[in-house]
Each structure stands twice: as structure tokens, then as C-alpha cells.
Amino acid sequence: MSSLAFANENLLQSYKLIVLSFDGFRNDYIDPERTPNLFAVANAGVQGHMKSTFVTKTYPNHQSIATGLYQPWHGIVNNRFYDPDMKAFFDVDSPSSAWWDQKNISVPIYIANQFYNRNQRYSISIQWPGSIASYSNGKNSDDRMRVHYLQDFDPSIDWYKRIDLLLSWLQHPLRPANMAFVYFSEPDRHAHEYGPFSTEVLDQVKKLDSVVGYLRQKLLNANLAHRTNVIYLSDHGMAEVRAERSFFIDKCDQEYSGLKYELIGVSPVYSLRPISKPLSINGTLEQSVREALNQCAIKHFENSFKVYLLDEIPENFYYRDNNRILSMILLAKDGYDINYKDHHWRPKGYPIWGNHGYNNSEPSMRPLFLAQGPRFKRSYKHSKLFENVDLYPLMLNLLEIPIEQFPSNGSFERVQQMLSKELYLDADDILQRNSISSSSNQTWVRC
Numbered sequence: 001m002s003s004l005a006f007a008n009e010n011l012l013q014s015y016k017l018i019v020l021s022f023d024g025f026r027n028d029y030i031d032p033e034r035t036p037n038l039f040a041v042a043n044a045g046v047q048g049h050m051k052s053t054f055v056t057k058t059y060p061n062h063q064s065i066a067t068g069l070y071q072p073w074h075g076i077v078n079n080r081f082y083d084p085d086m087k088a089f090f091d092v093d094s095p096s097s098a099w100w101d102q103k104n105i106s107v108p109i110y111i112a113n114q115f116y117n118r119n120q121r122y123s124i125s126i127q128w129p130g131s132i133a134s135y136s137n138g139k140n141s142d143d144r145m146r147v148h149y150l151q152d153f154d155p156s157i158d159w160y161k162r163i164d165l166l167l168s169w170l171q172h173p174l175r176p177a178n179m180a181f182v183y184f185s186e187p188d189r190h191a192h193e194y195g196p197f198s199t200e201v202l203d204q205v206k207k208l209d210s211v212v213g214y215l216r217q218k219l220l221n222a223n224l225a226h227r228t229n230v231i232y233l234s235d236h237g238m239a240e241v242r243a244e245r246s247f248f249i250d251k252c253d254q255e256y257s258g259l260k261y262e263l264i265g266v267s268p269v270y271s272l273r274p275i276s277k278p279l280s281i282n283g284t285l286e287q288s289v290r291e292a293l294n295q296c297a298i299k300h301f302e303n304s305f306k307v308y309l310l311d312e313i314p315e316n317f318y319y320r321d322n323n324r325i326l327s328m329i330l331l332a333k334d335g336y337d338i339n340y341k342d343h344h345w346r347p348k349g350y351p352i353w354g355n356h357g358y359n360n361s362e363p364s365m366r367p368l369f370l371a372q373g374p375r376f377k378r379s380y381k382h383s384k385l386f387e388n389v390d391l392y393p394l395m396l397n398l399l400e401i402p403i404e405q406f407p408s409n410g411s412f413e414r415v416q417q418m419l420s421k422e423l424y425l426d427a428d429d430i431l432q433r434n435s436i437s438s439s440s441n442q443t444w445v446r447c
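Note that the UniProt record's numbering has the sequence shown beginning at 1, numbered continuously upward.
If you want it as C-alpha cells, here you go:
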């Protein structure tokens, strides 16, 4: 046996972690007839009440799940935003770390896993947003790393083939991966077009459930199920929007002479760049623009949105202190859409469609969270509300990495009760296990 093969024998035998994300999958889609596989996971494993980060958009939340950081910390503050320093709009397809690791403190869990035991731990990303970039260990920005196994975003790739690829990398003969992030863009894509409760969306939910069943069977066949912890989640929920709740904000521009501003983002939440003051309202540029738009919302648009100055943004959003947010935001109420008239997209399910990005406390924005595996309790409902950033310390513990080595905004205290007490590992346990494993590996590599 080669030294490399023996050094990685422990990875074949150790616990593995898989995280599956179903974009826009509402927590209330779980049903014994529609989703029998996820329903079985919910009954046998852990169910949790998870809260997305604000804004409840796809790219920001996937980066928060991966890094354990609120959006102003990792810098992905919307699906579309402007960086004043770079003088550019966010490009989701760019591998530049200047976008994904703005402050050189973002360490996605799939990178932390590799840094913790370089050349002996390997991570997988299958279409996970942000995994195309390189990242540092959060301390030395010159020492950067990419995820070892990467399949870039391509929605045309068959869902079952993604699972086959996942299993092949988990069982690689020389470099078996011990963790994986896997992303599916449904049911979000259909929900935007047809609404979250449409037949089209529920069909996608059924198909995703069949993929879950396929994964579970493949893990059993590969003799991996008994040592693989699997987390099933989504980045956010989805609200129903109706045509009568979709408004064009241009009317405000017409009513308030002199009012000019730019909305940057995607409905229902925007960063707002004020350009000129309305003539009829006194105050600073930002104050007068905010006042005009808030008056307009009350007068013409059912008080369906509100403009906040940066220091007025609710503290529980954790959405300040980043220049990419700019100086103001506009946020619509749940179930409303706010756009300009030149916004020509028309959903296929008109007059009903779906959207997200709203207040992360709204029930419609609640994401999916289920977990099952040897480290998780059985048939356990986790009653304590937790945030998706709390998954970072949880995943570190599942990977037997001391939480203190990779700081985050997450709280392990809010999630640790999900873990089985029989297999719960505290910091001393992790250090002892890794010390034994490390010394064993070093002995054989030298031979």
C-alpha cells in the first residue's frame, strides 16, 4: 500500500458530511405523500426551525451558510449590488476573490476542512454558489486555496448524475473527500414563474424528493450511510405575489419634482443611491429622498415598502457596515413587488408568481432544515430557533475541527442539542482524536 493511500485510509473510515441545498424550498413542502423520503428523514432524524440571513436572497444566504458570517461580513449583500471601491456590479460568474472574500475573513467550511489538515482532507462542491473562488484561512491572505473537487454551476446536468459524481469523489481511491456541498436551483426557478404553491413547483418538489431517496440508497449501497451525516436545507422560503400587489415606483418620481435616485438590487429589496432632492421636502439628500419615497408608499402603494437610512436598518437584520449596501435600502412588505416600469419580465404564471428577499422573520421566508446521521439525535425536533450562520460551528464539530480555529458569527450553543450525546465531541475530544490520527498518519507517511 502506498504511503498516500494509507495516510488517507482514515478518511475512508471517518465520518463524512454532506449538505444538500434546494433553492427556495419552503419548510412546509414536507408531506408524507409528496415527499416520502424527506418525510422519513424528518421522522427519523432532526427537524429544526432555521432562520435565513437578511436579505433572503440566494447568493448571500449560500455564502452565509458556507462561511458562518452575516452578509456585511462576507460581502455578498444581494443577488445584485454595486461595489464603490471596485466601481463595478457584482458578477455571479466571476471567480474573483475580491467579490466573494471582500474582507479576507471568509473561510467557507469546505475550505476550512482542507486547511485544517492540508493534503489529507478533501472537500466537494457541486454547483454551490461562491465555491469557484479561492479563499484564505482568514489570517494570511496570501495563502489561498480552492475546493479540491468542483463541478461549476450548470443547471442542465442531470440531478442523479450529480449524486453519482458525489459518490465517486467520496470514494476516490487515493483522495476520498470527507465533506460535500451540493446545490440544486429548484424549486426556486419554477416558483418565481408560477408561484410557490403551483402544480409546477410541487412537481419539482417531488422530483427533488426522489433525488433524496436516490442519495440515501447510494449511501447504503456504498456502505457509507452509517458514517455519513447529511443536512438537507434551503437558503430561504418563497412568498406568493399577485399582480395587484406589484407596483411601479415611477409614480413617485413624477409626483415629487426634482426627486432622482437609483435602485440597485432585485425586488423586493434594493440598495438605494440618492441623486437629487425633491424640491418640496427639506433635509439632507438622503433624508429628503427617504421622506419622499415613504410618503409615496403610503399615498399610492398601500404602504407596501419602506426606505431606511443605513443607521435605521433594524439591528436584528445584521445588515449595516458594508459600503456595498450603500447609504439607504428599500424593502417591500411580504408578498409585494416593487419595480420600475421598464422592468419587462412577466412570469409564466401571471397573475400569480413567487418572490423572496423579504424580512427574514416572515413565515414565508422560513427555509428547510433536516438532518440525519450517526452524530445527530434520532426523531428529534429542535425547538430552539437558530440562524443559518449557526450551522458553521455545527459543521466544524461534525468535521472534528475545533470551533475556535475558524471564528464566525454563528452560535454553537443554539444548535449543539441536535447532536447525539453518545457521540458528542467537545473541544478536548476533538484535539485528542486528531492528535492520535495525526501521529498515526505521520508514522506511515515516513515509511
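No residue lacks a Cβ here, since even glycine has one placed at the ideal position from N, Cα and C.
DSSP three-state call for Glu315: helix, strand or coil? Here the question's residue 315 lines up with position 315 in the sequence shown. In the structure shown, the three-state DSSP call for Glu315 is helix.
Considering only their Cβ atoms, is the gap separating Phe197 from Trp159 smaller than 8 Å? Your numbering for residue 159 matches position 159 in the sequence shown. Your numbering for residue 197 matches position 197 in the sequence shown. In this structure, Trp159 sits away from Phe197, with a CB-CB distance that is not shorter than 8 Å.
Check the C-beta distance from His356 over to Ala239 and give it rounded, since I have them as a contact under 8 Å. By one-based count along the sequence shown, residue 356 stands at place 356. By one-based count along the sequence shown, residue 239 stands at place 239. Under the criterion of beta carbons closer than 8 Å, His356 and Ala239 qualify as touching, at roughly 6 Å.
Could you have a look at Arg366 and say whether DSSP puts it in helix, strand or coil? Within the sequence shown, residue 366 is the residue found at index 366, counting from 1. Three-state result, Arg366: coil.
From what residue to what residue does the beta strand (DSSP E) around Phe181 run? As a position in the sequence shown, residue 181 is number 181, starting the count at 1. Its beta strand (DSSP E) spans residues Met179 to Phe184.
On the three-state DSSP scale, how would you describe Ala225? Here residue 225 refers to the residue found at position 225 when the sequence shown is read from its first residue. If DSSP states are grouped into helix, strand and coil, Ala225 belongs with the helices.
Distance between beta carbons of Tyr122 and Val92, contact taken as under 8 Å: On the sequence shown, position 92 is the one that residue 92 refers to. On the sequence shown, position 122 is the one that residue 122 refers to. At roughly 25 Å, the Cβ-Cβ gap does not stay under 8 Å, so Val92 and Tyr122 are not in contact.
What would DSSP say about Tyr110, mapped onto helix, strand or coil? Within the sequence shown, the letter at position 110 stands for residue 110. Three-state DSSP puts Tyr110 in a helix.
Pro84 and Asn323: beta carbons closer than 8 Å? Locating residue 84 in the sequence shown gives position 84, where the first residue counts as 1. Locating residue 323 in the sequence shown gives position 323, where the first residue counts as 1. With respect to the 8 Å criterion, Pro84 and Asn323 are classified as neighbours on the basis of their beta carbons.
Gln102 versus Leu394: straight-line alpha-carbon distance, rounded: By 1-based counting over the sequence shown, the position of residue 102 is 102. By 1-based counting over the sequence shown, the position of residue 394 is 394. One C-alpha to the other measures close to 24 Å.
Taking DSSP as the reference, what is the three-state secondary structure of Arg146? As a first step, residue 146 is located in the sequence shown; it is residue number 146 there, counting from the start. It is coil, neither helix nor strand.
Tell me Asn339's beta-bridge partners as DSSP assigns them. For the purposes of this step, residue 339 is taken as the residue at position 339 of the sequence shown. For Asn339, which the question treats as bridged, DSSP gives the partners Phe248.
At a Cβ threshold of 8 Å, is Asp250 touching chain E? This model lacks chain E altogether; it includes just one protein chain.
Residues near Ser257 by beta carbon distance below 6 Å, same chain, minus five either side: The residue given as residue 257 occupies position 257 in the sequence shown. Closer than 6 Å at the Cβ level, and outside the excluded window around Ser257, lie Leu279.
Coarse secondary structure for Ser437, derived from DSSP in three states: If you number the sequence shown from 1, residue 437 lands on position 437. Any answer about Ser437 is weak, because its pLDDT of 45 lies below 50 and its placement is not dependable; what the coordinates show is given next. Correct three-state label for Ser437: helix.
Using a Cβ-Cβ cut-off of 7 Å (strictly less than) and excluding sequence neighbours within five positions of Thr222, which residues of its own chain qualify? In the sequence shown, counting from the first residue as 1, residue 222 sits at position 222. Sequence inspection shows Ala at residue 222; the Thr mentioned does not correspond to that position. Scanning its chain for C-beta atoms nearer than 7 Å, with the 5 sequence neighbours on each side dropped, one finds around Ala222 the residues Leu167 and Gln171, in chain order.
Buried or exposed: where does Ser267 fall if 16 or more other Cβ atoms within 10 Å of its Cβ makes it buried? Within the sequence shown, the letter at position 267 stands for residue 267. Ser267 comes out buried.
Given a threshold of 16 other Cβ atoms within 10 Å of its Cβ, counted over all protein chains shown, does Asp143 qualify as buried or as exposed? By one-based count along the sequence shown, residue 143 stands at place 143. Classification of Asp143: exposed, given that the 10 Å Cβ count is below 16.
Within the continuous alpha helix (DSSP H) that includes Ile65, where are the two ends? Numbered from 1 along the sequence shown, position 65 holds the residue referred to as residue 65. Residues Thr58 to Thr67.
Express the C-alpha separation of Phe39 and Gly213 in angstroms, rounding to a whole number. Counting from 1 along the sequence shown, the entry for residue 213 is found at position 213. Counting from 1 along the sequence shown, the entry for residue 39 is found at position 39. For Gly213 and Phe39, the distance between alpha carbons rounds to 11 Å.
Straight-line Cα distance separating Ile338 from Ile264: Looking up residue 264 in the sequence shown gives position 264. Looking up residue 338 in the sequence shown gives position 338. Straight through space, the alpha carbons of Ile338 and Ile264 are spaced by roughly 12 Å.
Answer yes or no: do Ala133 and Pro72 have a C-beta to C-beta separation smaller than 8 Å? Residue numbering aside, residue 133 sits at position 133 when the sequence shown is read from its first letter. Residue numbering aside, residue 72 sits at position 72 when the sequence shown is read from its first letter. Going by beta carbons, Ala133 and Pro72 fall outside the 8 Å limit.
Consult DSSP for Trp128 and reduce its assignment to one of helix, strand or coil. As a working mapping, residue 128 is identified with position 128 in the sequence shown. Coil at Trp128, not helix or strand.
CB contact flag (Val107, Gly75, <8 Å): Within the sequence shown, residue 107 is the residue found at index 107, counting from 1. Within the sequence shown, residue 75 is the residue found at index 75, counting from 1. No.
Spatial neighbours of His148 within its chain, please: CB distance less than 8 Å, with the 5 preceding and 5 following residues excluded, ordered by chain position. Residue mapping note: residue 148 aligns to position 148 of the sequence shown, counting from 1. The residues are Gln114, Tyr122, Ser123, Ile124, Arg175 and Ala177.
Give the secondary structure of Asn27 by DSSP, where H, G and I count as helix, E and B as strand, and everything else as coil. Counted from its first residue, the sequence shown places residue 27 at position 27. Note: Asn27 maps to helix in three-state DSSP.
So within the segment 232-316, which uninterrupted alpha helix (DSSP H) runs reach at least 4 residues, ignoring any that extend past its ends? Runs found: 250-255 and 285-300.
Less than 8 Å separating the beta-carbons of Tyr232 and Leu17? Your numbering for residue 232 matches position 232 in the sequence shown. Your numbering for residue 17 matches position 17 in the sequence shown. No.
Which residue comes first and which comes last in the alpha helix (DSSP H) that contains Asn397? Within the sequence shown, the letter at position 397 stands for residue 397. Segment Leu391 to Leu398, the alpha helix (DSSP H) holding Asn397.
To the nearest angstrom, report how far apart Phe301 and Leu330 are at their CA atoms. Within the sequence shown, residue 301 is the residue found at index 301, counting from 1. Within the sequence shown, residue 330 is the residue found at index 330, counting from 1. For Phe301 and Leu330, the distance between alpha carbons rounds to 14 Å.
Which partner residues does Val46 have in the DSSP bridge list? In the sequence shown, residue 46 corresponds to position 46, counting from 1. Answer by DSSP bridge pairing, in chain order: Ala371 and Tyr380.
Any idea what DSSP makes of Trp353, helix, strand or coil? By 1-based counting over the sequence shown, the position of residue 353 is 353. In the structure shown, Trp353 sits in a strand (DSSP, three-state: E or B).
Could you check the C-alpha separation between Ser276 and Gln287 for me, to the nearest Å? For the purposes of this step, residue 276 is identified with residue 276 of the sequence shown, where counting begins at 1. For the purposes of this step, residue 287 is identified with residue 287 of the sequence shown, where counting begins at 1. Ser276 and Gln287 have their C-alpha atoms some 11 Å from each other.
Does DSSP put Val55 in a helix, a strand or coil? The residue labelled residue 55 in the question sits at position 55 within the sequence shown. Reduced to three states, the DSSP call for Val55 is coil.
Is the CB-CB distance between Ala297 and Lys306 below 8 Å? As a working note, residue 297 is residue 297 in the sequence shown. As a working note, residue 306 is residue 306 in the sequence shown. Yes, they are a contact pair.
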